[in-house]
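Novice:
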Amino acid sequence: MSQISQNLKAVLHELGTGVKLVAVSKTHPKEAILEAYHAGQRAFGENRVQEMTSKQPWLPTDIEWHLIGHLQTNKVKYIAPFVSMIQSVDSLRLLEEISAQAVRNRRVIDCLLQIFIAAEETKFGLDESELIDMLEHTSVDSLPGINIRGLMGMGSFTEDANQIRKEFAGLKDLFDRVKAHYFPDNPAFDQLSMGMSGDYRIAMEEGSTIVRIGTRIFGAR
Ligand SMILES: *Cc1c(COP(=O)(O)O)cnc(C)c1O
47 MSQISQNLKA VLHELGTGVK LVAVSKTHPK EAILEAYHAG QRAFGENRVQ EMTSKQPWLP
107 TDIEWHLIGH LQTNKVKYIA PFVSMIQSVD SLRLLEEISA QAVRNRRVID CLLQIFIAAE
167 ETKFGLDESE LIDMLEHTSV DSLPGINIRG LMGMGSFTED ANQIRKEFAG LKDLFDRVKA
227 HYFPDNPAFD QLSMGMSGDY RIAMEEGSTI VRIGTRIFGA R
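Sequential numbering of the sequence shown, starting at 47, is according to this note's numbering.
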């Protein structure tokens with residue numbers, strides 16, 4: 047058994063049935079994706095549009111592609127025909143463009159709103175007040191091409207497990223409040239994407255439903 051499929055199997059065993067794995071394949075060649083695919087993995091995450099669109103045509107059509115990196119409005123059109131979920135939505139303008147391009151492709155694209163939770167200043171995402179502002183001023187129902195499925199966040203790049211746990215717990219709390227207030231009758235708002243190779247165990251304990259794992263499966267980048 048290949049290293050990739052061994053790693054995959056070990057991670058899936060830890061996740062159990064309640065948490066979905068998105069295998070983050072950025073910087074790795076399509077051969078590595080195929081290895082994971084043949085071991086049963088279907089959901090893959092890329093952080094760049096250019097990389098995703100160059101790999102996608104060569105790979106099986108039942109792969110579920112997740113965009114997890116910052117997305118510019120003018121690039122939505124390149125992934126709209128096939129992307130399964132955009133996890134990194136951080137503005138209303140982007141949401142509107144995703145909806146428009148999805149409609150053009152006769153699709154509905156699942157989206158997560160990316161929330162800024164880390165201590166560092168370098169990560170993308172909305173803070174809580176920006177999120178609330180966006181939800182107050184959008185009639186999400188008026189955007190037919192999108193389905194807002196939940197929230198995504200990245201913890202701080204730190205060894206301090208307590209810090210990371212606090213950030214994940216805060217995101218879970220925000221998720222619960224947003225769901226209760228803005229999506230009370232929408233069972234599709236049910237996904238909380240948090241946890242990477244270094245912190246997915248903590249994320250699971252704090253209520254993650256999707257983890258995004260690259261290094262632990264494909265090796266170092
Ligand atoms: C690269 C990346 C991951 C995966 O990181 P690993 O540490 O390799 O598991 C997860 N989420 C996002 C947004 C990423 O950019």
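Where is the CB? At the ideal position from N, CA and C, for every residue including glycine.
Check this for me: beta carbons of K225 and G253, under 9 Å apart or not?
Specialist: Residue mapping note: residue 225 aligns to position 179 of the sequence shown, counting from 1. Residue mapping note: residue 253 aligns to position 207 of the sequence shown, counting from 1. No, they are not a contact pair.
Novice: Taking buried to mean at least 16 other C-beta atoms within 10 Å of its own C-beta, is F170 buried or exposed?
Specialist: If you number the sequence shown from 1, residue 170 lands on position 124. When all chains shown are included, F170 counts as exposed.
Novice: Please determine if the stretch 173 to 180 and the stretch 112 to 132 are in contact, where contact requires at least 3 C-beta pairs separated by less than 8 Å.
Specialist: As far as the Cβ criterion goes, the stretch 173 to 180 does not touch the stretch 112 to 132, which means the pair count is below three.
Novice: With hydrogens ignored, establish whether the beta-carbon of R255 is closer than 8 Å to any heavy atom of ligand 1.
Specialist: Here residue 255 is taken as the residue at index 209 of the sequence shown, counted from 1. A small fix is needed here, since residue 255 is Thr in this sequence, not Arg. Not under cutoff, so the answer is no.
Novice: Is it the case that the CB of I149 approaches a heavy atom of ligand 1 more closely than 8 Å?
Specialist: Here residue 149 refers to the residue found at position 103 of the sequence shown. Correcting the residue identity first, residue 149 is Val in this sequence and not Ile. V149: no, Cβ never under 8 Å from ligand 1.
Novice: Within 10 angstroms of its Cβ, does D156 collect 16 or more other Cβ (buried), or is it exposed?
Specialist: What you label residue 156 is simply residue 110 of the sequence shown in a count that begins at 1. Classification for D156: buried.
Novice: So does the stretch 58 to 72 actually touch the stretch 255 to 263, counting three or more Cβ pairs closer than 8 Å?
Specialist: Yes, the stretch 58 to 72 is in contact with the stretch 255 to 263.
Novice: Kindly confirm or deny that the stretch 140 to 151 and the stretch 181 to 191 touch, where touching means at least three C-beta pairs closer than 8 Å.
Specialist: Judged by Cβ distances under 8 Å, the stretch 140 to 151 makes contact with the stretch 181 to 191, as three or more pairs qualify.
Novice: For A69, list the residues DSSP reports as bridge partners.
Specialist: In the sequence shown, counting from the first residue as 1, residue 69 sits at position 23. Note: A69 sits in a beta bridge opposite F90 and I259.
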